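Here is the structure we will look at, set down as structure tokens.
Residue numbers (this note's numbering): 129 to 556.
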């Protein structure tokens with residue numbers, strides 16, 4: 129087996145989903161506090177029942193019966209449409225319902241719910257954030273940008289600014305990404321993550337100055353014009369072919385174009401900060417050294433198959449696929465040969481395979497990669513590519529590996545791990 133093309137999937141891609149996950153965790157407590165909505169005192173007048181309707185809605189809201197609660201809050205607004213308090217209740221109800229739907233994996237439904245809330249409170253930061261996050265989960269980053277930008281018009285929200293910077297970077301709009309990061313660092317100079325990301329983008333921009341840009345139906349390819357034109361033509365054709373083939377196998381073709389950048393050899397190490405044995409990298413973008421285009425065509429196609437698989441798996445699983453699954457699939461579609469003999473350390477679990485994959489000792493890392501390939505090919509034998517695609521989709525909807533494995537393969541994860549250890553054998 130050749131040396132792995134990437135040690136890790138990279139922060140640029142995974143942190144977008146990390147920030148989204150933090151918002152999901154923070155924004156949907158087990159039972160919504162009734163302080164989120166407001167009680168109107170009973171009163172006399174043309175509509176004395178408004179307080180009673182609102183009180184019932186609050187009880188439903190506290191019990192997480194969001195459809196009925198929002199309906200009752202809406203009835204109160206119909207009776208007194210000019211009341212900012214009543215309109216705020218409706219907005220808050222739809223916001224909580226939206227987060228609840230999103231946590232359940234219903235991103236498109238959450239988009240509709242956040243939009244319903246925004247009809248009552250168009251400038252609500254919480255609803256705008258919710259709409260942006262739901263759009264990201266639905267794979268519609270074009271829809272996410274406008275509401276997130278609106279949040280930043282009045283102030284600097286650190287999470288939103290960082291998320292937007294990463295979205296713009298993945299859309300190959302470094303100028304806007306840098307603008308948001310500079311505003312964030314100016315307002316919060318102690319924000320280490322933003323400073324590091326800003327330094328990374330400025331380093332990449334300096335290296336990529338003067339690069340040419342070429343687009344295919346599904347890729348944006350950037351390169352120095354002096355690079356081998358024949359190699360570029362092979363690169364463009366191969367990327368599109370692999371996109372079609374691997375996407376068909378995994379039943380997913382990313383809607384947004386994948387960015388691929390070819391660097392002069394000395395610049396590849398400077399940008400990626402990787403070891404000199406790394407032959408390619410996916411960190412939200414495919415990054416390749418120019419020498420890869422000058423080598424054997426079959427070697428280039430194997431390298432591209434590995435990185436295109438990473439890109440498709442990342443989008444299908446929304447950045448939540450464990451490393452063993454990512455690397456196993458990437459090697460499988462690359463065409464890495466099976467090992468004749470492979471033994472696992474005693475008691476090894478998937479968490480242990482993850483640890484091996486990131487081990488600084490090359491021999492242990494190789495064992496991790498070989499094991500990941502074996503595990504993925506076992507899954508493919510059990511259910512084929514459709515089952516793996518289902519597993520990735522479930523992970524993308526927010527299910528854990530433990531929760532997702534059972535309905536796809538018909539047995540608990542612990543039993544699956546035990547079967548793997550039995551087949552592979554163990555050593556002390």
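Backbone N, C-alpha and C fix where the C-beta goes; we use that ideal spot for every residue, glycine too. Every value quoted in this text rests on a predicted model; they were computed, and no experiment measured them.
Beta-bridge analysis with DSSP links residue 386 to 347. For residue 417, the uninterrupted beta strand (DSSP E) run begins and ends at 414 to 417, by DSSP. In the three-state scheme derived from DSSP, where H, G and I count as helix and E and B as strand, residue 340 is classed as strand.
When beta bridges are read from the DSSP output, residue 370 appears opposite no residue. Secondary structure at residue 409: strand, using DSSP grouped into helix, strand and coil.
Take residue 308, set aside five residues on each side of it, and the residues of its chain with a beta-carbon closer than 6 Å to its own are 289, 292 and 293, in chain order. In terms of Cβ geometry, residue 439 and residue 389 do not form a close pair [threshold 8 Å]. Contact between the region 250 to 261 and the region 211 to 225 is present: 3 or more CB-CB pairs across the two stretches fall below 8 Å. In this structure the region 225 to 242 does not lie against the region 206 to 215, because fewer than three pairs of beta carbons, one per stretch, are closer than 8 Å. In the DSSP annotation of this structure, the continuous segment of the alpha helix (DSSP H) that includes residue 427 starts and ends at 425 to 444.
The Cβ neighbour count for residue 262, taken over all protein chains shown within 10 Å, is at least 16; the residue is labelled buried. CA-to-CA, the gap between residue 533 and residue 316 works out to about 42 Å. Residue 535 is classed as exposed because its beta carbon has fewer than 16 other beta carbons within 10 Å across all chains shown.
In the DSSP assignment, residue 460 falls within the unbroken alpha helix (DSSP H) covering 451 to 462. Annotation: residue 298 to residue 306 spans about 12 Å, alpha carbon to alpha carbon.
A direct Cα-Cα distance of roughly 40 Å separates residue 228 from residue 488.
Secondary structure note for residue 272: its alpha helix (DSSP H) is the uninterrupted segment 269 to 279. The beta carbons of residue 402 and residue 368 sit about 26 Å from each other, so the pair does not count as a contact at 8 Å.
Considered as a whole, the region 280 to 318 harbours 286 to 298 and 302 to 315 as its complete alpha helix (DSSP H) runs of no fewer than 4 residues, in chain order. Our two residues, residue 178 and residue 218, have alpha carbons roughly 13 Å apart in a direct line.
Beyond the five residues adjoining it in sequence on each side, residue 304 comes within less than 7 Å, by CB distance, of 296 in the same chain, given in chain order. Using a Cβ-Cβ distance cut-off of 8 Å, the region 412 to 422 and the region 460 to 470 are not in contact, since fewer than three pairs of beta carbons, one from each stretch, lie closer than that value. Under the 10 Å beta carbon count, residue 469 is surrounded by fewer than 16 other beta carbons and is classified as exposed. Per DSSP, the unbroken alpha helix (DSSP H) holding residue 183 starts and ends at 178 to 190. Rounded to whole angstroms, the separation of the alpha carbons of residue 284 and residue 312 is 7 Å. A Cβ-Cβ contact shorter than 8 Å links residue 379 with residue 514. Distance from the CA of residue 442 to the CA of residue 184, rounded to the nearest whole angstrom, comes to 44 Å.
The closest CA to that of residue 340, considering only 434, 392 and 265, is found on 392. Contact check for residue 333 against residue 302 passes: the beta carbons are separated by less than 8 Å. For residue 480, the enclosing alpha helix (DSSP H) begins and ends at 478 to 485.
With respect to the 8 Å criterion, residue 452 and residue 478 are classified as neighbours on the basis of their beta carbons. Apart from the 5 residues on each side of it in sequence, residue 522 sits with its Cβ closer than 6 Å to the Cβ of 532 in its chain, given in chain order. In this model, residue 493 and residue 410 are separated by some 18 Å (Cα to Cα). Annotation for residue 228: the continuous alpha helix (DSSP H) segment containing it runs 212 to 231. DSSP places residue 381 outside any alpha helix (DSSP H), giving it a letter other than H or E.
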